[in-house]
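Below: the structure, in structure tokens.
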Amino acid sequence: MSTDLEEEIAARTAPLLKEWTGKVLDAGPGDIECERGYITHWVESTENANPLYWDEAVAQNITGGWVAPPSMLSVWMRPLMFNPNARETVRPLEMHFRLKDAFELPEGIVTANEIVFGVPVRPGDVISTKQTVAEIGDVRTNRLGTGRPWTIDVTYTNQRGEVVAVESYRMFCYVRSAK
Amino acid sequence: MSLLFGKVQVGDTLPTLELPVTARIVVMGASSSRDWQPQHHDYAWATTRAGTKDIFLNTPNQAGWIERYLTDWTGPYGRLGRIKFRMRRPVYPGETLVFNGTVRETSVDESGCAWVDVDLELTVGDEVATEVSARLAVPQDESDNPWRRSGDDWRP
Numbered sequence: 002m003s004t005d006l007e008e009e010i011a012a013r014t015a016p017l018l019k020e021w022t023g024k025v026l027d028a029g030p031g032d033i034e035c036e037r038g039y040i041t042h043w044v045e046s047t048e049n050a051n052p053l054y055w056d057e058a059v060a061q062n063i064t065g066g067w068v069a070p071p072s073m074l075s076v077w078m079r080p081l082m083f084n085p086n087a088r089e090t091v092r093p094l095e096m097h098f099r100l101k102d103a104f105e106l107p108e109g110i111v112t113a114n115e116i117v118f119g120v121p122v123r124p125g126d127v128i129s130t131k132q133t134v135a136e137i138g139d140v141r142t143n144r145l146g147t148g149r150p151w152t153i154d155v156t157y158t159n160q161r162g163e164v165v166a167v168e169s170y171r172m173f174c175y176v177r178s179a180k
Numbered sequence: 069m070s071l072l073f074g075k076v077q078v079g080d081t082l083p084t085l086e087l088p089v090t091a092r093i094v095v096m097g098a099s100s101s102r103d104w105q106p107q108h109h110d111y112a113w114a115t116t117r118a119g120t121k122d123i124f125l126n127t128p129n130q131a132g133w134i135e136r137y138l139t140d141w142t143g144p145y146g147r148l149g150r151i152k153f154r155m156r157r158p159v160y161p162g163e164t165l166v167f168n169g170t171v172r173e174t175s176v177d178e179s180g181c182a183w184v185d186v187d188l189e190l191t192v193g194d195e196v197a198t199e200v201s202a203r204l205a206v207p208q209d210e211s212d213n214p215w216r217r218s219g220d221d222w223r224p
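Just so you know, the protein sequences line up as chains A and B, in that order. Positions 2 to 180 (this note's numbering) are the ones given, in order, by the first sequence. Positions 69 to 224 (this note's numbering) are the ones given, in order, by the second sequence.
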């Protein structure tokens, strides 16, 4: 049995579904390029002793030089928090935030994530993204609140046009439950 | 130095990793992933606005811990091809996140790349916090190197 809030959100957002499902945002290149400092901070924060990221001779032997850990992928798309040369304000995973704004669902969490990795990211690479609204689900209520799940697919390419990964984010965006 | 495909069997278990999660780990993970969403560093925001118990580990940082757990097992020649995970509950400072993994499948594709599919559970106490399935390429023998694969020879 649906609640009043579920019915209100469903009625308010249903007209938006056709417009937003399948929408693509070409977010262009990220603000930063891949560099060793970011990689070191990543392996520091995950206490990752893999010699690929600490020993240049090992990296040279195995990967033909330094590479970034594949799991660092989203680092390369996130905009700087301050950038005097920014053309416009772009939020990380911008398509997700545009959806949140359009659907007036102020809170959001990531519930699932899938990444398929392509060519490695190396220092000097600049990564571009295309973000697509793959699916918008039905209104539901959980312990956080009432809202809709949706899936955003992100294709990452390097400056040579090679696909470095395809990532799929499953989100739940919601209005908090009244306590 | 690295795990070879012939040494892996379906049902093998990975060594357990216990991670005592602290506020520093949560915030440093947010910093290293350049994720400044407030629920990963701002206690007041997390508790009063997002409605969670505390700040919590962000998604990219969990991916980083999962990769580290997997490559601790495979060694540096292990190359992550695919990862899928579902967060069941947030992971907060003060909790211990326990990583366990089991080999679900082994295979060699048409290009000769050797794959190991692993299921992981990240638990806090009796609760599953995050479920993971991952696909890694590992060397078939000491002359093989998954990192040298590209194009049609890399099909994760």
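For every residue, glycine included, the Cβ atom is placed at its ideal position computed from N, Cα and C. Just so you know, these numbers come straight off a predicted model, no measurement behind them.
- By the rule that beta-carbons nearer than 8 Å mark a contact, Glu45/A touches chain B.
- Rounded to whole angstroms, the gap between the alpha carbons of Leu165/B and Trp67/A is 30 Å.
- Neighbours of Glu135/B in chain A, taken as residues at a C-beta separation under 7 Å, are given in chain order as Pro70, Pro71 and Ser72.
- In the displayed model, Arg216/B falls within a helix according to three-state DSSP.
- A residue is called buried once 16 or more other Cβ atoms fall within 10 Å of its Cβ, and Ser175/B, having fewer, is exposed.
- Take the alpha-carbon of Lys24/A and the one of Leu18/A: they are about 10 Å apart.
- Counting other Cβ atoms within 10 Å of its Cβ, Gln107/B reaches 16 or more and is therefore classed as buried.
- With a threshold of 8 Å between beta carbons, Trp113/B makes no contact with chain A.
- Rounded to whole angstroms, the gap between the alpha carbons of Ile123/B and Ala112/B is 9 Å.
- Residue burial annotation: Pro128/B is buried, with at least 16 other C-beta atoms found within 10 angstroms of its C-beta.
- By the C-beta density criterion, Gln77/B is exposed, having fewer than 16 other C-beta atoms within 10 angstroms.
- Taking a beta-carbon distance threshold of 8 Å, Arg172/B does not count as an interface residue toward chain A.
- Scanning Val165/A, Tyr170/A and Ile110/A for the CA closest to the CA of Leu148/B turns up Val165/A.
- In this structure, Gly148/A lies away from Ile33/A, with their beta-carbon atoms at least 8 Å apart.
- The C-beta of Ser179/B has fewer than 16 other C-beta atoms within 10 Å across all chains shown, which makes the residue exposed.
- In its chain, beyond the 5 residues on either side, Ser179 and Cys181 have a beta carbon closer than 7 Å to the beta carbon of Asp221/B.
- For Tyr145/B, at least one C-beta of chain A is nearer than 8 Å to its own C-beta.
- Here the alpha carbons of Val120/A and Asn159/A stand approximately 9 Å from one another.
- Counting C-beta atoms within 10 angstroms of its own C-beta, Thr191/B has 16 or more neighbours from the protein chains shown and is therefore classed as buried.
- In this structure, DSSP gives Asp187/B an extended state, which the three-state scheme calls strand.
- When DSSP states are grouped into helix, strand and coil, Gly29/A belongs to the strand group.
- Per DSSP, Ala205/B is not a residue of any alpha helix (DSSP H); the beta strand (DSSP E) it occupies stretches across Glu195 to Val206.
- Close to Lys121/B, with beta-carbon spacing below 9 Å, lies no residue of chain A; the smallest spacing is near 12 Å.
- Here Ile153/A really is in contact with Val134/A; their C-beta atoms are around 6 Å apart, less than 8 Å.
- Assigned with DSSP and collapsed to three states, Arg92/A falls in coil, not helix or strand.
- Neighbours of Leu145/A across chain B, judged by C-beta separation under 9 Å: Ala118, Gly119 and Thr120.
- Comparing alpha-carbon positions, the option among Arg117/B, Asn126/B and Pro144/B lying closest to Ala91/B turns out to be Asn126/B.
- Counting the other Cβ atoms within 10 Å of the Cβ of Ala60/A gives 16 or more, which makes it buried.
- Distance between Arg117/B and Arg136/B, taken at the CA atoms: about 32 Å.
- Using beta-carbon distances, Asn168/B does not count as an interface residue toward chain A, since no partner is under 8 Å.
- Taking a Cβ-Cβ threshold of 7 Å, none of the residues of chain A is close to Asp221/B; the smallest such distance is about 12 Å.
- Within its own chain, the residues whose Cβ lies closer than 6 Å to the Cβ of Val44/A, once the five positions on either side in sequence are excluded, are Tyr54, listed in chain order.
- The C-beta distance from Thr112/A to Arg171/A rounds to 5 Å, short enough to fall under 8 Å.
- When 7 Å is used as the limit between beta carbons, His97/A is near no residue of chain B, the shortest such separation being about 11 Å.
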